[in-house]
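Chains W and C are the protein sequences, given in the same order. With the numbering used here applied, the first sequence corresponds to residues 1 to 749, in that order. With the numbering used here applied, the second sequence corresponds to residues 1001 to 1301, in that order. Quick reminder that beta carbons are idealized off the backbone N, C-alpha and C, glycines included. Only a predicted model underlies this, so the values are computations on that prediction, with no experimental measurement involved.
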Amino acid sequence: MFGVGGMGRRGERQCILQSPAEAGYFDPGLRIGTSPARLREELVHTGHLLREVLEPAGTGLVKDALRLLEHQVCRIAVIGQIKAGKSSFINAFVQKPDLLPTDVNPWTTAVTNLHFCSQREPENSAVFQFFGAQEWEQLANGGGKLRELTERLVPGFEPDLLRRHVAALKARAATRLGPEFLNLLGRCHRFATLSPHIVRQYVCQGDLTGSDSANPTVGRYSDITKSADIYLPVGPFDHPVTVTDTPGTNDPFLVRDEITRCCLESADLYMVVLTARQALAPSDVALLRILRGLHKERIIVFLNRIDELADIAKDTETVVASVRRRLRYEFPGADIPLIPGSALWGNCALAKETPNSDHGLGRRAVNYLQHRGFLQQGDVARPAEGDENSSINLRSALFTASGLKPIYEALNEFLGASHYANVLRQVTACFSELARASENVARQELKSLTQDHGPLRNSAARTQGELSRLRGELQRLQEVSSIIDRSAALFNERQIHIVTTELSALRRRLLDKVDARALKERDALTNKLLGGTALRTWTFDTQAMRRELADEFIDGFRRTEVQLLDLQREVVPHLRQLLAVLVPNAGSTAESEIVRRPVPPPTMMPLGATMALDLDNSWWSQLWRARPAPLQRGREIERLIKTEFRQAVEELIKACDRNLTDHVVATTEWSFGTCERIARSNAQHREQLVSHYKSLEQKIDGVADTQTVSEQQHYIAELNDRLESCEAVSRRLESIGRDIGRDLPGARA
Amino acid sequence: MQGLLADLSEAQAKLRQRVDRSPAIIEHADALAKLEALISVRPRVVVLGESNAGKTSLTNLLLDQAIVPDSVIPNTRRPLVLRYAETTRLTGITCNGTIDLTVGDAGQHCTSNLRSLEACIPNPRLAAFDLVDTPGLSTSEQLDAVEIQATDLVLWCTLATQAWKETERSLWMSIPRRHHRDAILVATHRDHLRDDDDVRKVCSRLATETTGCFRSIVFLCASARGEGRTGQRRDSGAAELDDRIHESLCAIAQRRHAAGYRLANRIVRKALTRIERPSAAAQVDGRVMRRFLRWRRGTTR
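Encoded structure:
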């Protein structure tokens, strides 16, 4: 199946990497991110124009802004339980039906990142990163922290399950790669061109039982592959997008669970894939709860596998209603998009083979399509070979029923409302200010020069006058600069103060909660034991504790957020004043464009980490037998709870702190940076004029010679040009601003 | 089993004949009677699994009669015990006692304080065992409501397409170990697996991941429901399930049989000692009594 030379790697490569639209047999005609991409391009183009007309001091800021724009990527993480259909969903979503390998058993082992429209790497290349020696060791030992804790509490005990998994992992890696596999750790493999054969070697599990029909190269490197980065051409995306496929949660093979958790920290949008038949099982709910609160505007829920329901139309409605009810209960006040569909249908619609009754169009599916009106009664389910129209009909019917269109729409909406829109807005505002400042300067200079141009002769007094005026202005600008610096420093300090006080108070509160709960458990347990009940084993409800901590954390975070935003609001009139001084003709437009930066939500992943308290009942009963006295047991439990949760709390606060500090610094930069640049460029410009006038002083007596005059005229012409360009740039920026307002609605100001 | 029961009644008869000579051995005869009663209790089969795994459909399939309502969203609220009886009867069990729910006023009783339901129906398949359908299991505390201690055979339902997740594994581990010996893993909705190759792959994965947890694994398609045609039952995997259940029940019966004989022998030996030495203190050996009560509850082998 995978060509060993032969038929053509090229043929296969075209197979998986070409979408049906490119291959010409079916084009759903939907694209994602067109508006933001277009606006971004225009902004970048305008930025380049701006750089040419700007003073050198301002270009630094423009360059930073351009770099920020170029690096904008929307990161989508697809998460869900094992076998929910994440890989199939991604295949259908990116319209490449055979890209990611799928199988009836849990198949994905590594985190796979699909990069679209990436500017940095060539298309169709891939990089596979292996675990480092230490990481693999930790992972192979079931999570270093976990093992350490286990050994500390029950010395000499090794959970049976973990040991079996470890042994299996090592044996498999050794069989597949030979005994030198340890040398491969820490490396990465790069491929300049991609083929399906290659992808399958790294990211999928392969046949574990070693039966003879298995392909030995499938999954060769999968045990040691940490992550895979695949760079693909455009696909249905106009905007740079990275889609991340994860191994599922709730995997009895505990090692993979840990991998999934670690990669989820940095996504912008989460697509949660549920199975229609067991929608919102307790572990789905647990997953959603980890994302709750801070991320609720970044979740899209896809209800997959509706093709498996007995009576598709009726059952889909029932399940959707029940899931929606539950979502409303778990996420009060948020309107999370819930989209039912089937990745199987999507893939069938997009596959090379025409859909037929063996291949996606079973009797139930056809009934459903007819019921919904996607397919007419007379349409044939098994079209003849050359019947193009029927084939297209079937494909579009399947594609419509697969639910991918609403997904694309939801994603477009998300892009419009997310912080991309904010970034675009901010950059537009910044550019406008710079352009206007430059315009002003040019205008002023022009004015003074044209005045100056005439009476050059009796300019001794005039020159003196000009010089003293310029010196005065320079002085003022210096004052303004120092005001700006002071204000920026003060602003920074106040923000940091808010962050530090609030976070330390929050940390204190969370730790107090943990201690209180641990104490309660200890007392409850000791009392029960002393009361004479013989307990075989005992467990602690970690989910309840996690929920409590999560709620408290969200509360505290919101408080911090509100304070930071209030501070920003306070600073705005101050900024306005400064701008009014620096850019006198700015007028009312500058006011409306001062944009407040929203605070990015921190991650809650540390609360989702596997703890020793979550382990097997067998582990607990072993722990139990080792400690006979009730008081000692009570103390043990208390210590266990405290250790585990304290660590989680500390990690949580640390991550939040890092997040907020970065945000604070960036906010200061953006708020005051523009003013500072403008001030500096104005100052530079004044100094230039001073030297110009000084040189003029030398030649003051006598008539202006023709050279100076022509120089002057030349300069004036240049200035006129510059003024025009600035005005043009300003106009463009205004129209971009209007487009943003129109096409990317719903963004928070 | 019949042999054991016959022997027990014979032993009892013989003991009772000698009562007039040694009145103390009446206690031993009573002990034998109790043993007989315990042994002839029908084995209890419980269907467990997470929500929407297909437990209720499986129950209907085992009964060969679509009697329990099922739905695509979680539907069963409380355990339902199904027994054999000549006349149909439905009883609700609350914390305080039982309520007879005849068809007419079923709706009038407050259903929220019902802990479980018991239905007696004249279904021939219930002659071999009692069947219990349960609501979806999400925490191990719910096992008490199901009376897991009094169960003989556990069937665990899992979806064939998303089989054996970590939450299921940890729930399974909180069930007492002695049930693992005879339990059966039922993978439902086999019709969603595309072909036999897929079934084989899933089967081998399940076998690897559940070593030691189950006696056998069966793949089932429960939608071929209750028409009783043998051909259809064979295709749907129900025939294989019947075989496996029969196998497990036989193993359980065998063990009961052996334990029954052991205990009966002990009781009779004690009785003989009493007869031969009538002056010995007239007390049924407390230890023997306790031992067989514990045995019935199943914590000894």
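TODO: On the DSSP bridge assignment, give the partners of W/M271 in chain order.
DONE: W/V78, W/I300
Open item on the list: Which residue wins for smallest C-alpha separation from C/R1115, given the options C/D1130, C/T1098, C/P1124?
Closed with: C/T1098
Task: Cβ-Cβ distance between W/L434 and W/I653 below 8 Å - done: no
Open item on the list: Taking 8 Å as the threshold (beta carbon to beta carbon), is W/D315 in contact with chain C?
Closed with: yes
Task: Test: C/N1075 CB closer than 8 Å to a CB of chain W - done: no
- [ ] Could you work out which residue in W/Q495, W/L506, W/R509, W/A550 is closest to W/Q563 when comparing CA atoms only?
- [x] W/Q495
Task: Nearest candidate by alpha-carbon position, reference W/L232, set W/I76, W/L744, W/F116, W/H48 - done: W/F116
Task: C/E1118 - partner residues in DSSP beta bridges - done: C/V1081, C/T1091
- [ ] Compare the C-beta of W/Q81 with all C-beta atoms of chain C and state if any pair is closer than 8 Å.
- [x] yes
- [ ] Compute the Euclidean distance between the alpha carbons of C/R1181 and W/K642, then round it to the nearest angstrom.
- [x] 38 Å
Task: C-alpha distance - W/S487 paired with W/Q478, whole-angstrom precision - done: 14 Å
- [ ] Using only alpha-carbon positions, find the residue among W/L503, W/R328, W/N113 that is nearest to W/I336.
- [x] W/R328
Task: Listed by chain order, chain W residues near C/N1052 by CB distance under 7 Å - done: R277, Q278
- [ ] Express the C-alpha separation of W/D27 and W/K83 in angstroms, rounding to a whole number.
- [x] 28 Å
Open item on the list: Suppose you measure from the CA of W/E593 to the CA of W/F431; what does that come to, to the nearest Å?
Closed with: A caution first: W/E593 carries a pLDDT of 44, below 50, which makes its placement in the model unreliable, though a value can still be read off. The straight-line gap from Cα to Cα measures roughly 11 Å.
Task: Span of the beta strand (DSSP E), counted from its first residue to its last, around W/N393 - done: Looking at the DSSP string, W/N393 is not in any beta strand (DSSP E); the run it does join, the alpha helix (DSSP H), is 388-401.
Task: Residues sharing a beta bridge with W/G660, DSSP - done: This sequence places Leu at residue 660 of chain W; Gly is not what is there. Paired residues: none, contrary to the question.
Open item on the list: Assuming W/H574 is part of the beta strand (DSSP E), what are its boundary residues?
Closed with: Counting along the chain, W/H574 falls outside any beta strand (DSSP E), though it belongs to the alpha helix (DSSP H) covering 542-582.
Task: Chain-order list of residues whose beta-carbon lies under 6 Å from that of W/G737 (same chain, five-residue window excluded) - done: T428
Open item on the list: To the nearest angstrom, how far is the alpha carbon of W/I716 from that of W/G465?
Closed with: 21 Å
- [ ] Could you pull out every residue in the same chain whose Cβ sits closer than 8 Å to the Cβ of W/E409, ignoring the five residues on either side in sequence?
- [x] none
- [ ] Please decide whether W/P97 counts as near chain C, where near means a Cβ-Cβ distance under 8 Å.
- [x] no
Open item on the list: Does the contact criterion of 3 or more C-beta pairs under 8 Å hold for the stretch 549-563 of chain W versus the stretch 490-504 of chain W?
Closed with: yes
Open item on the list: Please report the straight-line C-alpha distance between W/N393 and W/M271, rounded to a whole angstrom.
Closed with: 29 Å
TODO: With distances taken Cα to Cα, identify the nearest neighbour of C/P1069 among C/V1019, C/T1134, C/A1037, C/T1167.
DONE: C/T1134
- [ ] Using a Cβ cut-off of 8 Å (strictly closer), state whether C/D1182 contacts chain W.
- [x] no
Task: Closer than 9 Å at the beta carbon, the chain C residues around W/E644 - done: Residues of chain C passing the Cβ test: none, with the nearest at roughly 17 Å.
Task: Proximity test, Cβ basis, 8 Å: W/N105 and chain C - done: yes
Task: Residues near C/D1007 by beta carbon distance below 6 Å, same chain, minus five either side - done: none
TODO: Please report the residue range of the alpha helix (DSSP H) in which W/E370 lies.
DONE: According to the sequence provided, residue 370 of chain W is Gln. The question's Glu does not apply to it. It spans 363-372 - the alpha helix (DSSP H) in which W/Q370 sits, taken as one unbroken run.
TODO: Measuring only between beta-carbons, confirm whether C/D1152 sits less than 8 Å from chain W.
DONE: no
- [ ] Answer with yes or no whether the minimum CB distance from W/T754 to chain C is below 8 Å.
- [x] Residue coverage of chain W in this structure runs from 1 to 749, which leaves residue 754 of chain W outside it and unanswerable.
Open item on the list: Taking 8 Å as the threshold (beta carbon to beta carbon), is W/A281 in contact with chain C?
Closed with: yes
- [ ] Reducing DSSP to helix, strand and coil, say where W/P196 ends up.
- [x] helix
Open item on the list: Beta carbons nearer than 7 Å to chain C: which residues of the stretch 534-568 of chain W have them?
Closed with: none
TODO: Would you please verify whether the beta carbon of W/L344 is less than 8 Å from any beta carbon of chain C?
DONE: no
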